[in-house]
Amino acid sequence: MVKRSLCFTRMIKNFLIGFILLTIVAIALLGFQGQRSQETAIEFFGDMKRQDKVKFQKPSSFFADGRAARPPVDGTIPMGYDIPGHPMQNSEVPKDDISSPLGEFSAGTDYLNTGKMGDQWGTGLPLPVTTELLQRGQKEFTIDCAVCHGATGQGNGITSKYGLLGIANYHQDKYRQMADGQIFNTITHGYNTMMAYGDKVTVKDRWAIIAYIRALQKSQDARLADVPEDQRAALEKEGKQENPPQPAQPPQTQTQTQPKQTR
Ligand code: HEC
């Protein structure tokens with residue numbers, strides 16, 4: 013009987029010691045409730061945010077080309093476009109109708125599709141230059157080009173603030189004199205650090221953008237000679253009214269290379 017009760021008290025004692033030890037361990041591990049900690053939380057199973065996945069615009073060793081983002085499968089067609097060279101392609105839409113939502117990507121070897129005449133760059137727009145064409149060009153330019161080349165084409169788009177160097181400033185003579193066909197080719201195939209837009213911008217839209225670039229260039233480099241003769245007098249008069257006579261300023265020689273900021 014005595015032996016039995018001794019055994020029982022020992023059991024209770026062991027249990028209590030075990031319980032206290034466990035409590036200490038539990039508090040040590042988990043801390044008091046409401047305590048803040050800078051330590052990383054203990055993860056018994058890995059959190060879902062840590063898993064094998066590819067991140068947007070990041071490299072990945074998973075694919076042979078090292079890119080995480082996958083280029084579209086060959087032959088992928090953006091919604092609303094036909095297959096280049098396909099018999100169904102825009103068959104109903106006249107070539108110079110830019111209002112059509114359908115457009116084509118380079119298909120032929122002619123000037124319209126390559127910007128080349130034989131083995132030379134051609135120049136001149138193969139589409140009628142209308143207000144619609146310029147508006148279309150402005151829209152497409154704003155979407156595809158302004159991030160780098162800037163809204164006025166001075167090469168000061170937002171990417172230039174983040175380290176992209178050497179973006180072409182369209183207001184340099186080099187680009188003023190560049191053949192339209194060469195610009196077309198640059199849009200289609202890219203140039204050095206500028207990527208190709210041939211698979212993103214349709215042929216018509218490329219020409220529309222070129223028309224708009226020419227308008228941008230003119231906007232910073234217009235001369236009185238560009239104004240129709242019968243309107244020059246009115247323009248000069250208007251200019252005089254807006255700028256009343258004032259003391260002479262030292263002549264500005266830089267106006268050509270530093271176009272006026274329009275914003
Ligand atoms: C990601 C930035 C970026 C975008 C977007 C971009 N460009 Fe460029 N572009 C450049 C850079 C950088 C250069 C200078 C390349 C060089 O001279 O090495 C350049 C050069 C050019 C040139 C001169 C090429 C030559 O032959 O010297 C033209 C013309 C041009 N871009 C037109 C466009 C048009 C049109 C678009 C829109 C469809 C466009 N760019 C979109 C970065 C860009």
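All residue numbers for the sequence shown refer to my numbering, where the first residue is 13 and numbers rise by one. Even for Gly, the Cβ is constructed at its ideal location relative to N, Cα and C. Since the structure is predicted, the reported quantities are computational estimates derived from the model, not experimental observations.
- Ile54 sits exposed, since fewer than 16 C-beta atoms from the chains shown fall within 10 Å of its C-beta.
- The beta carbon of Ala76 lies closer than 7 angstroms to none in the same chain, with the five residues before and after it left out.
- Less than 8 angstroms divides the Cβ of Asp192 from the Cβ of Gly127.
- With 16 or more other CB atoms across the displayed protein chains lying within 10 angstroms of its CB, Cys157 is buried.
- Taking the C-beta atoms as reference points, Asp217 is found nearer than 8 angstroms to Arg148.
- Relative to the ligand HEC, the beta carbon of Thr205 is positioned inside 7 angstroms of a heavy atom.
- At least one heavy atom of the ligand HEC sits closer than 7 angstroms to the Cβ of Ile179.
- Contact between the stretch 224-231 and the stretch 167-175 is absent: fewer than three C-beta pairs spanning the two stretches fall below 8 angstroms.
- By a beta-carbon distance limit of 8 angstroms, Ile222 does not contact Ile179. Their separation comes to about 17 angstroms.
- In the three-state reduction of the DSSP assignment, Lys67 falls in the coil class.
- Using a 10 angstroms sphere on the CB of Tyr174, the tally of other CB atoms stays under 16, which defines it as exposed.
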